[in-house]
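**Q** What the sequence shown shows, in the working numbering, is residues 12 to 302, in sequence order.
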Amino acid sequence: MLMVRWLRSWRIIAACLLLALAGCSALRLAYTQAGEFAYWWLDGYVDFDGDQTLRTREAITRWFAWHRRAELPDYVSLLDRAAAEAGQDATPAQACRWFEEVRLRIDRAVDHALPDAAAIAASFSREQLNRLERKQAKNNAEFRDDFLQPDPAERREEAADRVVERAEQLYGQLDRSQRESIAQAMSASPFEPERWLAERQRRQRHLLLTLRQVQAGVLSRPSATEALRNHWQEVKRSPDEAYRRYQQRLETANCELLSKIHNDTTPEQRQEAQRKLRGWAADLRRLATPA
């Protein structure tokens with residue numbers, strides 16, 4: 012279980028560091044506290060016992076020590092490149108390239124966490140996995156509230172608002188014309204939250220099946236690690252061919268949207284984006300430098 016929930020916490024951290032989607036203005040403080048956040052977030056899914064708490068905290072500490080030493084210098088270079096490019100217009104192909112840059116770094120983070128995740132997952136009780144299943148159901152209900160509003164107009168408005176909020180965290184406040192442009196683009200987006208929810212539930216079922224096999228001792232520790240790695244591959248690339256085609260259409264549309272948002276920004280907004288990106292790079296450079 013630690014695998015996807017824990018590794019999704021790494022995805023949150025990576026998104027914050029690489030794309031600033033979480034609005035981390037105090038980046039150094041956010042990074043130093045991220046391990047504690049990751050522990051409590053995970054604990055909310057399974058309610059660790061005493062031994063699991065110790066092992067999980069130790070694993071998170073090891074992961075962050077590795078990440079700080081091995082990954083942060085690369086993040087600094089990535090943010091420096093992003094700042095340099097932010098002053099110019101962007102193409103959809105460039106936006107897709109940035110998506111791939113982020114995926115590669117998330118993959119490294121996930122792969123490094125897998126052995127510890129498998130070891131801790133093997134200690135979960137049946138009740139802890141049942142708790143995880145209930146938590147998944149609760150999260151799916153919240154997903155429906157957030158993304159599946161009965162009124163199509165409200166659904167489109169909420170989707171556009173989410174994009175505007177994220178864009179403003181990088182560029183600063185958008186004007187009315189920019190907001191309307193985003194709303195228009197979102198109305199034509201191929202995004203289908205119903206399909207996303209169905210795929211999400213498929214992943215959850217597969218995760219629970221994998222974890223129950225690990226918990227029952229059906230898999231050795233190396234096999235458990237590999238099973239979790241296979242699950243992660245299915246998270247990235249669905250075994251459902253129709254969903255993969257949909258995912259490709261959506262990614263193409265998102266690349267076009269991101270490049271359009273950037274190209275619609277003013278020189279002042281691009282300067283604000285550059286200032287933030289360089290500031291985050293400076294923060295990470297300090298974090299990556301041994302005391």
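No residue lacks a Cβ here, since even glycine has one placed at the ideal position from N, Cα and C.
Can you give me the Cβ contacts of Q280 inside the same chain, cut-off strictly under 7 Å, excluding the 5 residues immediately before and after it?
**A** Cβ within range, chain order: Y182, G183.
**Q** Kindly indicate which residue of H242, A170, L295 has the alpha-carbon position closest to the one of L268.
**A** A170
**Q** Assign Q160 to one of three DSSP states: helix, strand, or coil.
**A** coil
**Q** Tell me which same chain residues have a C-beta within less than 7 Å of the C-beta of E179, skipping the five on either side of it?
**A** Apart from sequence neighbours up to five positions away, the residues of its chain that approach E179 with a beta-carbon distance below 7 Å are L185, ordered along the chain.
**Q** Determine the contact status of F158 and P204, defining contact as a CB-CB distance below 8 Å.
**A** yes
**Q** Which of helix, strand or coil does DSSP assign to V229?
**A** coil
**Q** List in chain order: all unbroken alpha helix (DSSP H) runs of 4+ residues lying wholly within the region 175 to 221.
**A** Runs of the alpha helix (DSSP H) spanning 4 or more residues and lying entirely within the region 175 to 221 occur at 187 to 198, in chain order.
**Q** Thinking C-beta only, is P103 closer than 8 Å to S5?
**A** Past the edges of the chain, shown from 12 to 302, lies residue 5, and the structure says nothing about it.
**Q** Where does W243 land, buried or exposed, given buried means 16+ other C-beta within 10 angstroms?
**A** buried
**Q** Leaving aside the five residues before and after D294 along the sequence, list all residues of the same chain whose C-beta is less than 6 Å from its C-beta, in chain order.
**A** Excluding sequence neighbours, D294 sits near L38, R39.
**Q** Are the beta-carbon atoms of R206 and Y257 separated by less than 8 Å?
**A** yes
**Q** What's the C-alpha gap between I272 and T67?
**A** Cα to Cα, I272 sits roughly 40 Å from T67.
**Q** Does DSSP put S249 in a helix, a strand or coil?
**A** Note: S249 maps to coil in three-state DSSP.
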